[in-house]
Amino acid sequence: MSRYFTPTLAALEPYTPGEQRKMPDLVKLNANENPYPPSPAVADAVAGVVSGLRLYCDLTEADLCNAIARQVGLPADHILCGNGSDENLLLAIRAFCDGQTPLAFADITYSFYPVLCQLLGVPAHILPVREDFTLDLTAYYGLGETIVIANPNAPTSLLAPVAEIEEVIRRNPDHIVIVDEAYVDFAGEGASCLPLVPKYDNLIVVRTFSKSRSMAGARLGFCAAQPALIADMNRIKFSYSPYNISSLNQAAGTAAMQDDAYFRDTVAKICRTRQETTDALRRRGFTVLDSATNFLFARPAAKPAKEIFEALRERGVLIRYFSAPRIDSWLRITIGTPEQMERFLQELNHILR
Ligand code: PMP
Numbered sequence: 001m002s003r004y005f006t007p008t009l010a011a012l013e014p015y016t017p018g019e020q021r022k023m024p025d026l027v028k029l030n031a032n033e034n035p036y037p038p039s040p041a042v043a044d045a046v047a048g049v050v051s052g053l054r055l056y057c058d059l060t061e062a063d064l065c066n067a068i069a070r071q072v073g074l075p076a077d078h079i080l081c082g083n084g085s086d087e088n089l090l091l092a093i094r095a096f097c098d099g100q101t102p103l104a105f106a107d108i109t110y111s112f113y114p115v116l117c118q119l120l121g122v123p124a125h126i127l128p129v130r131e132d133f134t135l136d137l138t139a140y141y142g143l144g145e146t147i148v149i150a151n152p153n154a155p156t157s158l159l160a161p162v163a164e165i166e167e168v169i170r171r172n173p174d175h176i177v178i179v180d181e182a183y184v185d186f187a188g189e190g191a192s193c194l195p196l197v198p199k200y201d202n203l204i205v206v207r208t209f210s211k212s213r214s215m216a217g218a219r220l221g222f223c224a225a226q227p228a229l230i231a232d233m234n235r236i237k238f239s240y241s242p243y244n245i246s247s248l249n250q251a252a253g254t255a256a257m258q259d260d261a262y263f264r265d266t267v268a269k270i271c272r273t274r275q276e277t278t279d280a281l282r283r284r285g286f287t288v289l290d291s292a293t294n295f296l297f298a299r300p301a302a303k304p305a306k307e308i309f310e311a312l313r314e315r316g317v318l319i320r321y322f323s324a325p326r327i328d329s330w331l332r333i334t335i336g337t338p339e340q341m342e343r344f345l346q347e348l349n350h351i352l353r
């Protein structure tokens with residue numbers, strides 16, 4: 001820290017992401033990244049805009065918003081793009097929370113929500129998940145607060161039915177409900193709240209290109225909501241980062257969105273590997289929750305979770321361990337390629353022997 005370090009800065013507890021270690025033969029299953037490359041169309045699209053980089057990028061992100069709008073079946077004025085979901089979450093919380101309007105979220109969920117609350121001076125209202133890690137969404141009725149729900153949730157991998165989320169939206173008519181659907185493309189048909197957007201003026205759905213579109217390194221996400229909410233969030237965006245999506249990223253995202261066949265194929269492969277890995281872990285005595293995501297939340301029986309995490313790390317396989325209460329006997333394992341999961345299971349066999 002510098003000699004200019006302030007108490008305000010000292011009070012922040014920054015987000016701790018999964019380790020970004022680099023070594024030969026590393027199997028990296030700790031950040032819920034996609035093991036497959038982005039659509040081949042992305043490279044061509046990016047190359048095509050390089051000569052135009054001397055100009056500022058399109059402020060309206062028209063091509064990208066249109067491509068997203070077509071894909072999700074909403075008009076383009078219902079879409080706002082951000083530098084990853086993380087920026088969209090920041091925009092929404094900055095726009096719709098303050099000292100008087102807290103942000104409500106589950107005790108076990110995406111750990112960036114409390115970080116944003118702290119950064120933005122927003123009180124956090126933490127609601128416990130049930131013993132089996134499912135969300136008790138009746139506790140979210142009539143809260144009088146802004147609400148964020150990760151669905152499917154992380155790190156638990158569990159999906160709440162759309163009907164239950166809709167009831168939360170309906171029963172908080174004067175407050176915003178943000179549904180963070182980072183992993184919803186792995187949850188099968190009918191899992192998304194996007195079809196509810198035209199019906200509710202208090203719903204914001206947050207989506208990302210980081211997972212199902214294999215573009216975590218690009219930093220690209222979008223929100224879908226009614227135009228009045230998009231305009232509100234744009235007031236924040238245009239107050240601090242109007243050019244938040246570079247021309248390179250706009251071109252990459254447009255191409256990725258348009259390649260539906262590649263996207264479906266990638267998601268299907270990951271879902272197949274997810275089932276195989278779930279079965280394999282259960283055969284080894286793990287409790288594995290039924291995942292609606294590209295990762296598994298699993299509790300080992302034979303050895304403590306932390307010991308397994310550390311031993312795998314020694315052997316060049318990175319998974320995620322959380323020391324937080326209630327989840328410190330669990331492991332989060334990203335679904336990689338079949339070959340990566342085979343290696344993970346082999347190393348696990350050594351450790352459990
Ligand atoms: N929401 C959830 C629930 C996540 O797990 C993550 C990423 N780990 C994000 C949002 C952030 O995604 P992005 O890369 O789009 O910022």
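In terms of the UniProt record's numbering, the sequence shown opens at residue 1 and continues consecutively. By construction, the Cβ of each residue, glycine as well, lies at the ideal position given by its N, Cα and C atoms.
Residue i Cβ short of 7 Å to the ligand PMP heavy atom set
{"i": "threonine 208", "result": "yes"}
{"i": "asparagine 34", "result": "no"}
{"i": "alanine 154", "result": "yes"}
{"i": "serine 85", "result": "yes"}
{"i": "glycine 285", "result": "no"}
{"i": "aspartate 180", "result": "yes"}
{"i": "alanine 216", "result": "yes"}
{"i": "alanine 324", "result": "no"}
{"i": "glycine 253", "result": "no"}
{"i": "glycine 221", "result": "yes"}
{"i": "tyrosine 110", "result": "yes"}
{"i": "alanine 150", "result": "yes"}
Span of the alpha helix (DSSP H), counted from its first residue to its last, around residue i
{"i": "glycine 48", "result": "40 to 49"}
{"i": "alanine 154", "result": "From DSSP, alanine 154 is part of no alpha helix (DSSP H); its letter is neither H nor E."}
{"i": "leucine 119", "result": "112 to 120"}
{"i": "glycine 253", "result": "247 to 258"}
{"i": "phenylalanine 133", "result": "Unbroken run through phenylalanine 133: none, as it is neither H nor E."}
Exposure label - residue i; buried when at least 16 CB within 10 Å
{"i": "threonine 266", "result": "buried"}
{"i": "alanine 10", "result": "exposed"}
{"i": "histidine 78", "result": "buried"}
{"i": "glycine 82", "result": "buried"}
{"i": "glutamine 275", "result": "exposed"}
{"i": "tyrosine 321", "result": "buried"}
{"i": "leucine 137", "result": "buried"}
{"i": "glutamate 166", "result": "buried"}
{"i": "serine 323", "result": "exposed"}
Bounding residues of the beta strand (DSSP E) (the contiguous stretch that carries residue i)
{"i": "arginine 207", "result": "203 to 208"}
{"i": "arginine 299", "result": "295 to 299"}
{"i": "aspartate 63", "result": "Note, aspartate 63: premise wrong, no beta strand (DSSP E); alpha helix (DSSP H) at 62 to 72."}
{"i": "arginine 332", "result": "331 to 334"}
{"i": "histidine 78", "result": "That residue, histidine 78, is in no beta strand (DSSP E); it is neither H nor E in DSSP."}
Own chain partners of residue i with C-beta closer than 6 Å, once the 5 adjacent residues on each side are dropped
{"i": "alanine 187", "result": "Pro152, Leu159 and Ala292"}
{"i": "residue 367", "result": "Outside the shown range of the chain, which is 1 to 353, sits residue 367, and nothing can be said about it."}
{"i": "histidine 125", "result": "Pro102, Ala104 and Glu145"}
{"i": "leucine 345", "result": "Ala280"}
{"i": "alanine 154", "result": "Tyr110"}
{"i": "arginine 171", "result": "Tyr141 and Gly142"}
Proximity test, Cβ basis, 8 Å: residue i and chain C
{"i": "valine 288", "result": "This model lacks chain C altogether; it includes just one protein chain."}
Residues near residue i in its chain [Cβ-Cβ closer than 8 Å; skip 5 each side]
{"i": "glycine 52", "result": "Ser247"}
Same chain, Cβ closer than 7 Å to residue i, five either side skipped, listed in chain order
{"i": "proline 242", "result": "Leu59"}
{"i": "proline 173", "result": "Asn202"}
{"i": "valine 72", "result": "Leu194 and Ala224"}
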